[in-house]
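Per UniProt numbering, the very first residue in the sequence shown carries number 1; after that it's consecutive.
We treat Cβ as the ideally placed atom computed from N, Cα and C, and that holds for glycine.
Remember, predicted model here, so these are calculated numbers, not experimental data.
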Amino acid sequence: MESESDPDDPEVQENETRKRKKCGTPEKKKRMRGDSASKQEHRDQRYRKEWEADSRFRSWIAPVRGKATRALCKLCDKEINAEISVLKRHAESVSHVKQNKAIGAESGQRTLFQCAARDPAAVKLETQIKEAEIRKCAFLAENNIAIRAVEPMVATDKRCYPDSNIAQGIRLGRTKATKVIVNVIGKSHQADLADKLQHNKFSVIIDESTDIGTIKSMAVCVRFHNGKKFCTKFWKLVQVFSSTDADAANEGATARRLFGLLVQSFNEENVPMDNFVGFASDGCNTMFGTNNSVASRLQESYKGVIVNKCLCHSLHLCASEACKELPRCIEDLARNIYGIFKNSSKRQAEYAEFQEFYHTDPHKILRPSQTRWLSLQSVVNRILEQWDPLKAYFQLKALDARVIAATNVLNYMNDPTTKQYYHFLQWALPRFVDLNELFQSDRPLITIVHKKMCAAYKDLLLAFMDRAHVERTPLDQINPLDTSKHIPMSNIYLGVKVLKGFSEPPISNHPDKVNMEKCFRDRCKAFLVKGCTEMRQRFDFNSNSPFARMACLSPAEAMSRTKEPTLLHLIETVPRICDPNDLDRVQQLDDQWQLLDKREFADGMKEMEVDDFWITVRDYTDLDGKQIFKELGTFALHVLSLPHSNAACERCFSKINLIKTKIRNRMMTETLNGLLLASQCAKDGGGSDKFVVTQAMLAAMTAENLKPKKKPPAERPRGIADLDVVEEVDVDEVLMEEEFDVTFG
Numbered sequence: 001m002e003s004e005s006d007p008d009d010p011e012v013q014e015n016e017t018r019k020r021k022k023c024g025t026p027e028k029k030k031r032m033r034g035d036s037a038s039k040q041e042h043r044d045q046r047y048r049k050e051w052e053a054d055s056r057f058r059s060w061i062a063p064v065r066g067k068a069t070r071a072l073c074k075l076c077d078k079e080i081n082a083e084i085s086v087l088k089r090h091a092e093s094v095s096h097v098k099q100n101k102a103i104g105a106e107s108g109q110r111t112l113f114q115c116a117a118r119d120p121a122a123v124k125l126e127t128q129i130k131e132a133e134i135r136k137c138a139f140l141a142e143n144n145i146a147i148r149a150v151e152p153m154v155a156t157d158k159r160c161y162p163d164s165n166i167a168q169g170i171r172l173g174r175t176k177a178t179k180v181i182v183n184v185i186g187k188s189h190q191a192d193l194a195d196k197l198q199h200n201k202f203s204v205i206i207d208e209s210t211d212i213g214t215i216k217s218m219a220v221c222v223r224f225h226n227g228k229k230f231c232t233k234f235w236k237l238v239q240v241f242s243s244t245d246a247d248a249a250n251e252g253a254t255a256r257r258l259f260g261l262l263v264q265s266f267n268e269e270n271v272p273m274d275n276f277v278g279f280a281s282d283g284c285n286t287m288f289g290t291n292n293s294v295a296s297r298l299q300e301s302y303k304g305v306i307v308n309k310c311l312c313h314s315l316h317l318c319a320s321e322a323c324k325e326l327p328r329c330i331e332d333l334a335r336n337i338y339g340i341f342k343n344s345s346k347r348q349a350e351y352a353e354f355q356e357f358y359h360t361d362p363h364k365i366l367r368p369s370q371t372r373w374l375s376l377q378s379v380v381n382r383i384l385e386q387w388d389p390l391k392a393y394f395q396l397k398a399l400d401a402r403v404i405a406a407t408n409v410l411n412y413m414n415d416p417t418t419k420q421y422y423h424f425l426q427w428a429l430p431r432f433v434d435l436n437e438l439f440q441s442d443r444p445l446i447t448i449v450h451k452k453m454c455a456a457y458k459d460l461l462l463a464f465m466d467r468a469h470v471e472r473t474p475l476d477q478i479n480p481l482d483t484s485k486h487i488p489m490s491n492i493y494l495g496v497k498v499l500k501g502f503s504e505p506p507i508s509n510h511p512d513k514v515n516m517e518k519c520f521r522d523r524c525k526a527f528l529v530k531g532c533t534e535m536r537q538r539f540d541f542n543s544n545s546p547f548a549r550m551a552c553l554s555p556a557e558a559m560s561r562t563k564e565p566t567l568l569h570l571i572e573t574v575p576r577i578c579d580p581n582d583l584d585r586v587q588q589l590d591d592q593w594q595l596l597d598k599r600e601f602a603d604g605m606k607e608m609e610v611d612d613f614w615i616t617v618r619d620y621t622d623l624d625g626k627q628i629f630k631e632l633g634t635f636a637l638h639v640l641s642l643p644h645s646n647a648a649c650e651r652c653f654s655k656i657n658l659i660k661t662k663i664r665n666r667m668m669t670e671t672l673n674g675l676l677l678a679s680q681c682a683k684d685g686g687g688s689d690k691f692v693v694t695q696a697m698l699a700a701m702t703a704e705n706l707k708p709k710k711k712p713p714a715e716r717p718r719g720i721a722d723l724d725v726v727e728e729v730d731v732d733e734v735l736m737e738e739e740f741d742v743t744f745g
């Protein structure tokens, strides 16, 4: 018998260890998963100067300043660990070998001098390839195409153009394309914007919203004059809450937090807040509360800043509140008609026959929306246009007991006053909607805001108040609720169609016509009173208000100076544009203002657009070639850059809704911000095929900007997407595989 081996024998222990190493899990893998019995801590190696003399590395290796444990590959422009094994692997890597071949290296080894003196043709080709990659990424952003589509796009180009060195040299995948959009085009464009804001007065427009991925973000836009024209540009999309910041979530989207994020977005780009002159947002309490809001904090931190509530939001709210004074059935009718047709192609096809019979345009029924500013008037006009075929259609459908909604619609339409309410809305709503549509423009409208608002307000007042009282009383002192100044109910003006409707059948011969008309006029008067009351609460009609002061800059007023003989009052209104205490500058501006109507300008100056007018004034030169109105023109252009609405932010969120859809709901805010900036950059330059690829963009095409920076799993924060994977769908996993999975029968 063989004797048992002694477990304490060193030779036996060595054999056991050898067996474990041979048959068991590799020690390296054990250490990675934390199962290794032997604790071997890896020590970082330091860069060694002798590697620069080694024939294997000397042509491309260099130290990294401030990082003793890192080495730089000059060919790949990439940092790697300063370890001999890592250097060897990198020298044999595919990317390094390709880079050697691209510069004409023989067997991958060149001297430092040879690396510096590269072939000009190769350098030109490399630049052309980078530009092509940038333009392709800009094309994706501009046209809202899934980023992963770049891979088959590049492969198709290589197949179609085998003789093109540029097409064959493009290396562009999903990850690199994302980095080009975010870190190259996006950041370069934002740097250009920051440079303009550093040298020009600007206003800020903000709004907040929650996207389909339940991420709350704040869109920041800036408005300024770049010396040639007025620009309203997207600045940044700021995420309000982060999955790694519990304190922010506990605090909520407060005014303090939004204010801090807003200021931080400009400080990060070194934009001086001394150039900040105006602010606009919607009128919610967080933005425009009296004591603790974003606007109050801005006014406290930056004295003299002009803050304006969005006129578009205000007018929409005025119209919405006024409509609540009308019978509920008016709104229900519009919603029920749309609801019956919206998801039924059969009913739409049936209704088309009625449209053809009544010779009505084949238009679709529109949806009344609470958030779309211009939808209400369009819905009213469409229902009146389609009234006869609609009524005939629902008379037929009411016979079908299964369609109860059709019976309700028919009952509403059979009421003779229902159509008259729609005729009244057709007359009254344009007083709100036309202004709303006007103020959505990015054109400088600051000089006509007060005039337009006063005209609309006065028009509504004259419909139910004594004309003499309205004409002789300042608008800001008129109280729409003062019934002593109201005209008799029978004299209230409700539009021509309403007057004609009550004088014709079926109302004229209705047995209860008197009570019917009285009730109708009471409701319409309540609409007018409520609309005027809301306008008075939301807009300052005082003749000394900021908007009223700025009206003097309109071409007709500036050339006549009938209302404002001096600029002092306007300068005191905008102290961040011109300091009222700087009397020398104030006097200089006022002298030029006094001289303005005494100079001979080209004919038609008073009819020019306000921005063209002041650019012409600024650039005007006398016989000596001196710009005698330079300071005045610059001052006026800065005032005209003040915002009157936040429609620009609403357009940003509309674009976000087109980008971040149900199948792209995992898109991060950083990527979304880059897409918005890249799209804006391409469109500003005339499209992805025409915009200028700057040297800054080409210089940013480095490994540091294009390589993904992955965090270890232990450091990667657990976000909302990790908690609910069932509903999270990636655009590139669905769009390419399932979008066209359709079976035709």
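Taking the C-alpha atoms as reference points, what is the distance between residue i and residue j?
| i | j | result |
| --- | --- | --- |
| L261 | P480 | 41 Å |
| A194 | T232 | 13 Å |
| A71 | A91 | 13 Å |
| P327 | V380 | 15 Å |
| P717 | T244 | Below a pLDDT of 50, predicted positions are generally treated as unreliable, and P717, at 43, falls in that range; the measurement from the model is reported next regardless. Approximately 6 Å between the Cα atoms of the pair. |
| A700 | A191 | 12 Å |
| K500 | N509 | 14 Å |
| K303 | N581 | 14 Å |
| Y422 | I330 | 8 Å |
| N144 | C160 | 24 Å |
| D415 | V409 | 10 Å |
| L632 | S265 | 31 Å |
| W427 | R536 | 21 Å |
| A121 | K49 | 33 Å |
| E83 | A53 | 16 Å |
| K419 | M413 | 7 Å |
| R135 | N100 | 26 Å |
| V172 | A253 | First, the residue type needs correcting, since residue 172 is Leu and not Val in the sequence shown. Each residue's Cα considered, the two are about 39 Å apart. |
| E607 | P555 | 7 Å |
| S490 | D512 | 16 Å |
DSSP state of residue i, grouped into three classes?
| i | result |
| --- | --- |
| E534 | helix |
| H486 | strand |
| residue 763 | The structure shown does not extend to residue 763, since the chain is modelled only from 1 to 745, so the question has no answer here. |
| L499 | helix |
| L72 | strand |
| F279 | strand |
| M273 | helix |
| I492 | coil |
| residue 767 | What the structure shows of the chain is the stretch from 1 to 745, and residue 767 is not part of that stretch, so it cannot be assessed. |
Considering residue i, what are the terminal residues of the beta strand (DSSP E) in which it resides?
| i | result |
| --- | --- |
| T616 | It is not in any beta strand (DSSP E) - T616 instead sits in the alpha helix (DSSP H) that spans 610-618. |
| D207 | 202-210 |
| P63 | 61-64 |
| I147 | From DSSP, I147 is part of no beta strand (DSSP E); its letter is neither H nor E. |
| V449 | Here V449 belongs to no beta strand (DSSP E); instead the alpha helix (DSSP H) covers 449-461. |
| N705 | Where N705 is concerned, there is no enclosing beta strand (DSSP E), although the alpha helix (DSSP H) it sits in stretches over 703-706. |
What residue range does the alpha helix (DSSP H) around residue i cover?
| i | result |
| --- | --- |
| D434 | 430-439 |
| V409 | 404-414 |
| E471 | 467-472 |
| V380 | 375-385 |
| V294 | 294-301 |
Just checking my contact of residue i with residue j at CB under 8 Å: how many whole Å lie between their CB atoms?
| i | j | result |
| --- | --- | --- |
| K458 | L435 | Rounded, the Cβ-Cβ distance is 13 Å, inconsistent with contact. |
| D282 | C310 | 5 Å |
| K78 | A703 | 4 Å |
| F224 | K196 | 7 Å |
| V294 | L258 | 5 Å |
| residue 751 | A319 | Residue 751 lies beyond the residue range present for the chain, which begins at 1 and ends at 745; the question has no answer from this structure. |
| Y393 | Y351 | 5 Å |
| F202 | V277 | 7 Å |
| A405 | N336 | 5 Å |
Next item on the list: Pick out the complete alpha helix (DSSP H) segments inside the segment 215-259, 4 residues or longer, and give them in chain order.
Entry: 246-251
Next item on the list: Please list the segments of the alpha helix (DSSP H) lying wholly inside the segment 639-689, counting only runs of 4 or more residues, in order along the chain.
Entry: 647-659, 669-684
Next item on the list: Quick one: which unbroken alpha helix (DSSP H) runs of 4-plus residues sit fully inside the segment 555-620? Chain order, please.
Entry: 555-560, 568-573, 583-595, 610-618
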